[in-house]
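Reviewing the structure listed below.
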Amino acid sequence: DYGCTLKIFRADLAKSLGIYGELHRFIPVLADLEGARMDETPVMHHARQHGQSKYGINRTIRVLSDLLLILYLKRFRHKPMHLFGGWGVLSLSVGALILLWLLLQKITGHEIGGRPLLTLGFILLMAGLQLVALGILSEMMVRTYYESQDKKPYKVRNIYTNRQMETQS
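Numbering (the numbering used here), first residue to last: 185 to 353.
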């Protein structure tokens, strides 16, 4: 339950979560990213007796921005090039197609100087290059993060030896 503030988990998991800002709302998702197994136990909640809820439009905006961060972390934290590179290649391709079409227009004698499409083509081309560069830099940062701390981008819960496998079967 994301709304319940009562959460129980192991100390090693709590230390590895890296909760900052308002990410405490997404502890179950962050724990899942760390490979934790979870269970939900019903607890008795009492209705608010004093004060007012602090939820308003400002908090909703913060929660939505945290949700975007969680979605990014869940899908792309180990492979940011898949996000930035994908959008970059798309932007580069559309920009190049627009500019190629305008080049053909220019060759056939049409005037292209005053068209907003020319500006759009160059903007998409430059944005694509920047997104691809951002993806490459992000990949290098992820790699540096893991290699500098001798970490792996995955968790191993159990290691079974051949003897353990024979006794279990």
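The beta-carbon is built from N, C-alpha and C at its ideal position, and this holds for glycine as well.
Check, Outcome
"Chain B contact for Gln314 (CB, 8 Å cutoff)", "Of the chains in the structure shown, none is chain B; there is only one protein chain."
"Rounded separation between Arg194 and Gly319 - CA only", "34 Å"
"Distance, Gly202 Cα to Glu224 Cα", "22 Å"
"Cβ pair Pro226, Glu323 closer than 8 Å", "no"
"Where the alpha helix (DSSP H) through His266 begins and ends", "Pro264 to Ile291"
"When Glu218, Leu288, Leu274 and Gly298 are compared against Val340, the one with the closest alpha-carbon", "Glu218"
"Per-residue burial, Ile211 [other beta carbons within 10 Å of its own, 16 or more giving buried]", "buried"
"Contact belief for Gly279 with Val316 at Cβ below 8 Å, rounded distance in angstroms", "So it is not a contact: roughly 12 Å between Cβ atoms."
"First and last residue of the uninterrupted alpha helix (DSSP H) at Phe193", "From DSSP, Phe193 is part of no alpha helix (DSSP H); its letter is neither H nor E."
"Alpha-carbon spacing of Asp250 relative to Thr244, whole angstroms", "10 Å"
"For Asp216, the three-state DSSP class (helix, strand or coil)", "helix"
"Alpha carbon of Leu321 to alpha carbon of Tyr338, nearest angstrom", "21 Å"
"N- and C-terminal bounds of the alpha helix (DSSP H) containing Tyr239", "Run containing Tyr239: none; DSSP gives neither H nor E here."
"Terminal residues of the alpha helix (DSSP H) in which Ile320 lies", "Pro300 to Ser332"
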